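One structure is given below, encoded as structure tokens.
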Ligand SMILES: *[C@@H]1O[C@H](CO)[C@@H](O)[C@H](O)[C@H]1NC(C)=O
Ligand SMILES: *[C@@H]1O[C@H](CO)[C@@H](O)[C@H](O)[C@H]1NC(C)=O
């Protein structure tokens, strides 16, 4: 009997979902300045994610570890250079300067435009093939520093019912615009001067490099979609939007 009661209690709790974290600001969709309220609420939530919120499936944004299938690869080692960036971690996502959020309830699309002070992406870089005529086979840690980047996240949502109404993310997109990028490859070559000079040359031409690689950034979108979804599947719509 006791275990049956416990079972019912657990079941009811699961079905009802959980309320918004008490430290999160709640915005009512009936308010006139709803998007402004949401912008402040989300900006504040990012700041709070200096620690993970495990009950909500939200990661530590101060230090994010991307899954290893988040990789950027291109080129060909027989006929040029095969390059691959993997094992990304990022610091700084808990430190936004400002956030502009807008929720389109008709289309169920949430857009977040977030500007950060600085983001550091660390990863591993692999290059195999030829540079000019020189054969290379490189594996080195790399740090890419983003100054004042603006990230635009677009989440396409869909409503579904489970006792009450919930959202889920059905598609995510991302766009990134840095003010400046700096590359630091630790060991492209044994010769330290050559290594430093190459980092400097690449950082100087960051915009051309970024423009060429920009379309690859989409690999990160599903990751952000997944953790937003973790949150949405736990917290009913009425809890989030009053
Ligand atoms: C590299 O490119 C050549 C010619 O385009 C192609 O024949 C070869 O299969 C490619 N190799 C790899 C590893 O993709
Ligand atoms: C956010 O901050 C950046 C950098 O200070 C600034 O350029 C931008 O205008 C700000 N955006 C809003 C919506 O306040």
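In mature numbering (1 follows the signal peptide of the UniProt record, and there is no 0), the protein residues as written are -17 to -1, 1 to 225. Yeah, the Cβ is synthetic: ideal placement off N, Cα and C, and Gly gets one too. As the structure is a computational prediction, the values presented were derived from the model and not from experiment.
Burial state of residue i, where buried means 16 or more other Cβ atoms lie within 10 Å
i           : result
residue 127 : buried
residue 187 : exposed
residue 108 : buried
residue 198 : exposed
residue 212 : buried
residue 57  : exposed
residue 25  : buried
residue 219 : buried
residue 180 : exposed
residue 47  : buried
residue 95  : buried
Among the options, the one whose alpha carbon lies nearest that of residue i
i           : options              : result
residue 30  : 37, 38 and 43        : 43
residue 73  : 93, 102, 67 and 66   : 102
residue 166 : 185, 152, 18 and 175 : 185
residue 131 : 195, 100 and 115     : 100
residue 119 : 59, 90 and 81        : 59
residue 50  : 61, 68 and 34        : 68
residue 33  : 77, 175 and 134      : 77
residue 236 : 201, 90, 84 and 190  : With the chain covering only -17 through 225, there is no way to say anything about residue 236.
residue 239 : 110, 1, 10 and 189   : Because residue 239 is not part of the residues shown, which for the chain are -17 to 225, the question remains open.
residue 125 : 179, 170, 45 and 10  : 170
residue 215 : 148, 46 and 17       : 148
residue -1  : 176, 48 and 146      : 146
residue 189 : 174, 95, 129 and 176 : 129
Residue i CB to nearest heavy atom of ligand 3 below 7 Å
i          : result
residue 80 : What this structure holds is ligand 1 and ligand 2, not ligand 3.
Assumed close pair residue i, residue j - CB separation to whole angstroms, cut-off 8 Å
i           : j           : result
residue 136 : residue 161 : About 15 Å; that fails the 8 Å criterion.
residue 21  : residue 122 : In fact, because the Cβ distance is near 43 Å, the residues do not count as touching under 8 Å.
residue 222 : residue 36  : Not a contact, Cβ separation roughly 14 Å.
residue 182 : residue 168 : 6 Å
residue 84  : residue 18  : 6 Å
C-beta atoms of residue i and residue j nearer than 8 Å
i           : j           : result
residue 53  : residue 203 : yes
residue 248 : residue 164 : Since the first and last residues shown for the chain are -17 and 225, residue 248 lies out of range.
residue 8   : residue 38  : no
residue 64  : residue 106 : no
residue 262 : residue 152 : Because residue 262 is not part of the residues shown, which for the chain are -17 to 225, the question remains open.
residue 71  : residue 104 : yes
residue 138 : residue 93  : yes
residue 155 : residue 79  : no
residue 12  : residue 224 : yes
residue 98  : residue 133 : yes
residue 40  : residue 217 : yes
Note to self: Give the list of continuous alpha helix (DSSP H) stretches no shorter than 4 residues that lie fully inside the segment 72 to 136.
What the structure shows: The qualifying runs do not exist here; there are none.
Note to self: Ignoring anything shorter than 3 residues, give me the beta strand (DSSP E) runs that lie fully in the segment 47 to 76, in order along the chain.
What the structure shows: 55 to 57 and 64 to 74
Next item on the list: Go through the segment 152 to 219 residue by residue and report every complete run of the beta strand (DSSP E) that reaches 3 residues or more, in order.
Entry: 163 to 168
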